[in-house]
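Chemist: Got a structure for you, questions after.
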Amino acid sequence: MEQLLDDVLEMYGYDFSDYTKASMHRRISRLMVLDRFPSFAEFRYKLRTNEDYLKRFVEEVTVNVTEMFRDPAFYATLREQILPAIASKPFIRIWHAGCSTGEEVYSTAILLKEANLLHKSLIYATDINPEVIKKAKDGILPLGYMKDYSENYIASGGKEDFSKYYTAKYDRVKINESLLERVIYSTHNLVSDSSFNEFQLIMCRNVLIYFNKDLQNKVLTLFDGSLENLGYIALGSKETLKFSAISGRYKQVGKDKIWKKQKEA
Amino acid sequence: MEETKGSIAKLILIGGSAGSLDALLKILPAVHPAFRQSIVIVLHRKFSNDNILTGLLSVRTKLKVCEIEEKDIIRPGYVYIAPGDYHLLFEKDHSFSLDDSEKVNYSRPSIDVAFQSAADAFGDSLICILLSGANADGTEGCKYVKEKGGVTVAQLPRSAEVAYMPSQAIASKVVDYVLDIDGIIDFINKL
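Protein chains in written order, with my numbering: chain F, 3 to 267; chain Z, 410 to 600.
See the structure below:
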């Protein structure tokens with residue numbers, strides 16, 4: 003597996019060497035079964051010789067499972083504590099790092115809209131994977147998911163009629179353009195790309211679980227350098243900033259996986 | 410937690426679905442308080458609130474019960490509960506990884522995924538125990554565990570609230586020992 007990842011780095015510049023071994027191993031085995039490779043050697047050969055296949059590799063070895071208002075309690079805290087704390091800023095910048103197909107971006111946009119902050123906000127939505135960025139931009143989702151998402155929305159404290167945020171057509175829905183016009187999409191590789199702005203809130207949920215500790219520290223340091231004083235970092239429900247390289251300047255907000263950057267001493 | 414590599418001798422990995430909580434509530438209190446191996450529990454459940462399950466189990470045993478956070482090092486004498494809504498994976502340095510990829514066997518965590526990953530990391534130091542359930546999850550995992558030299562145990566189907574899951578594994582001939590609850594308790598305490 004190391005050889006394969008070396009190939010991908012050397013030939014295409016994607017560095018997966020600091021991804022967690024167990025997960026990468028599982029993703030690669032899964033992809034080999036899906037695409038019916040009889041041997042590892044043939045899989046490696048295809049990847050070395052076919053640049054189009056690299057796209058598929060990047061798309062499939064990275065995990066792109068997401069949902070709207072995932073962990074409703076987290077979104078309740080965002081709505082009740084975090085957005086009010088940054089509401090007085092003349093201009094709000096939020097970074098969704100590892101935004102996948104955009105479901106959490108839409109969720110944040112809805113919260114901003116309901117707090118009457120969307121007009122003065124910009125959400126930067128980035129992912130390593132160009133294919134998921136395309137999907138996120140389209141804002142099209144299967145209609146069948148909307149029941150669960152609506153329940154999540156209500157559980158997160160949403161009081162509006164959730165269906166007003168999209169238009170249904172056949173078996174799909176389209177998220178309202180008015181929610182998406184304050185979102186800027188871009189590819190960004192947390193492994194190799196640097197900071198590009200300063201934010202009041204950085205959300206990176208269920209991305210660090212795929213990185214080893216060294217890479218986690220590197221990425222958290224990147225976030226720290228991209229966050230204003232008194233800004234917030236939000237992680238996934240099983241991730242932590244504790245024990246990390248930047249933990250000294252951060253204080254956890256209640257029990258949620260949200261940390262506030264403290265003023266420099 | 411500590412940065413040091415874990416130093417556990419054996420890993421006991423228990424997978425369960427419908428009806429398995431009852432079995433666990435009998436097994437865990439009977440595990441000797443001085444037990445020095447590590448126990449990891451992977452259950453299917455509807456809600457991802459892990460505190461309830463951890464609370465339920467921790468009041469019934471002297472062993473330390475904790476919910477897994479990603480990168481936690483596996484330590485002897487601990488009982489670990491896999492969080493809901495993530496697959497549980499194992500690293501060769503004896504730490505946990507979590508993965509929120511697609512469900513397997515309609516489940517996340519999937520018992521197959523946990524068993525297979527643990528087999529890669531622990532080989533013949535792994536003992537997997539499959540409890541009551543209404544799903545075929547666990548059978549593929551048991552097969553892989555045996556290939557890697559580990560030991561597999563299934564709950565005696567007629568002692569299980571829902572026999573389907575252990576029965577599937579037994580029918581696929583991937584189980585070394587078929588034991589009732591008392592048998593499982595004895596088996597663990599003798600490790």
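A virtual CB, placed ideally from N, CA and C, is assigned to each residue, including glycine.
(1) What in chain F is Cβ-close to Z/Leu498, meaning under 7 Å?
(2) Considering only C-alpha positions, which residue in the set F/Lys122, F/Ile204 and F/Asp216 is nearest to F/Glu230?
(3) What are the residues of the region 105-120 of chain F that lie near chain C, defined by any Cβ-Cβ distance shorter than 9 Å?
(4) Report the residues of the region 215-246 of chain F with a CB closer than 7 Å to any CB of chain Z, ordered along the chain.
(5) Okay, do the region 430-449 of chain Z and the region 545-561 of chain Z touch, 3+ Cβ pairs below 8 Å being the bar?
(6) Give, in chain order, every unbroken run of the alpha helix (DSSP H) that is at least 4 residues long and sits entirely within the region 142-201 of chain F.
(7) I want to verify the contact list: residues of chain Z whose CB lies under 9 Å from the CB of F/Ile211, in sequence order.
(8) Identify which residue in F/Leu210, F/Ala111, F/Leu56 and F/Leu143 has its Cα closest to the Cα of F/Tyr77.
(9) Using a Cβ distance threshold of 8 Å, determine whether the region 511-519 of chain Z contacts the region 464-484 of chain Z, with at least three qualifying pairs required.
(10) Would you kindly work out how many angstroms separate the C-alpha atoms of F/Thr68 and Z/Asp595, rounded to a whole number?
(11) If you check the beta carbons only, do Z/Glu500 and Z/Asp521 fall under 8 Å apart?
(12) Quick one: is F/Asn208 near chain Z, going by C-beta distance under 8 Å?
(13) Assuming F/Val2 is part of the alpha helix (DSSP H), what are its boundary residues?
(14) Is there a Cβ of chain Z sitting closer than 8 Å to that of F/Val67, yes or no?
(15) Flag Z/Pro492 as yes if its beta-carbon sits less than 8 Å from any beta-carbon of chain F, otherwise no.
(16) Distance cutoff 8 Å, beta carbons only. Does Z/Ser516 sit that close to anything in chain F?
(17) Who pairs with F/Cys101 in a beta bridge, going by DSSP?
(18) With F/His27 as the anchor, note down where its beta strand (DSSP E) starts and where it stops.
(19) Quick one: which chain F residues come within Cβ less than 8 Å of Z/Ile529?
(20) For F/Val63, which option in F/Pro40, F/Glu82, F/Met70 and F/Ser19 has the closest C-alpha, if you only look at C-alpha atoms?
(21) Is it buried or exposed for Z/Lys552, if we count other Cβ within 10 angstroms and need 16 for buried?
(22) Bridge partners for F/Tyr252 per DSSP, in chain order?
(23) What residues match up with Z/Val513 in a beta bridge as DSSP calls it?
(24) Please list the terminal residues of the continuous beta strand (DSSP E) segment that includes F/Leu243.
(25) Using DSSP with H/G/I as helix, E/B as strand and the rest coil, what is Z/Ile417?
(26) Note down the Cα distance separating F/Tyr147 from F/Gly227, rounded to an integer number of angstroms.
(27) What separation, rounded to the nearest whole angstrom, lies between the Cα atoms of F/Glu153 and F/Leu143?
Modeler: Here's the rundown:
(1) Within 7 Å Cβ-Cβ: Ala24, Ser25 and Arg28.
(2) Closest option to F/Glu230, Cα to Cα, is F/Ile204.
(3) The structure shown contains no chain C; the protein chains it does contain are F and Z.
(4) Listed by position along the chain: Lys215, Lys240, Glu241 and Thr242.
(5) A contact between stretches requires three or more CB pairs, one per stretch, nearer than 8 Å, and the region 430-449 of chain Z fails this requirement with the region 545-561 of chain Z.
(6) Fully enclosed alpha helix (DSSP H) runs of 4 or longer: 148-157 and 179-182.
(7) What F/Ile211 touches in chain Z: Glu479, Lys480, Tyr495, Ser506, Leu507, Asp508 and Asp509.
(8) Residue F/Ala111 is the option with its Cα nearest to F/Tyr77.
(9) Because the criterion of three Cβ pairs below 8 Å is not met, the region 511-519 of chain Z and the region 464-484 of chain Z do not touch.
(10) Going by the C-alpha atoms only, they are around 43 Å apart.
(11) Taking the C-beta atoms as reference points, Z/Asp521 is found no nearer than 8 Å to Z/Glu500.
(12) It does; some Cβ of chain Z falls within 8 Å.
(13) With chain F running from 3 to 267 in the structure shown, residue 2 of chain F is simply not present.
(14) It does; some Cβ of chain Z falls within 8 Å.
(15) Taking Cβ atoms only, chain F reaches closer than 8 Å to Z/Pro492, which makes this a yes.
(16) Chain F places no beta carbon closer than 8 Å to that of Z/Ser516, leaving this residue out of the contacts.
(17) Under DSSP, no beta-bridge partner is assigned to F/Cys101.
(18) Under the DSSP assignment, F/His27 falls outside any beta strand (DSSP E), being part of the alpha helix (DSSP H) whose first and last residues are Lys23 to Leu36.
(19) One detail in the question is off: residue 529 of chain Z reads as Asp in this sequence, not Ile. Within 8 Å Cβ-Cβ: Ala24 and His27.
(20) For F/Val63, the nearest C-alpha among the options comes from F/Ser19.
(21) Z/Lys552 is buried by the Cβ-count criterion.
(22) Partner(s): F/Lys263.
(23) Z/Val513 pairs with Z/Ser516.
(24) Per DSSP, F/Leu243 belongs to no beta strand (DSSP E) and is neither H nor E.
(25) In the structure shown, Z/Ile417 sits in coil (DSSP, three-state: anything other than H, G, I, E or B).
(26) Distance between the alpha carbons of F/Tyr147 and F/Gly227 is about 36 Å.
(27) The alpha-carbon atoms of F/Glu153 and F/Leu143 are separated by roughly 16 Å.
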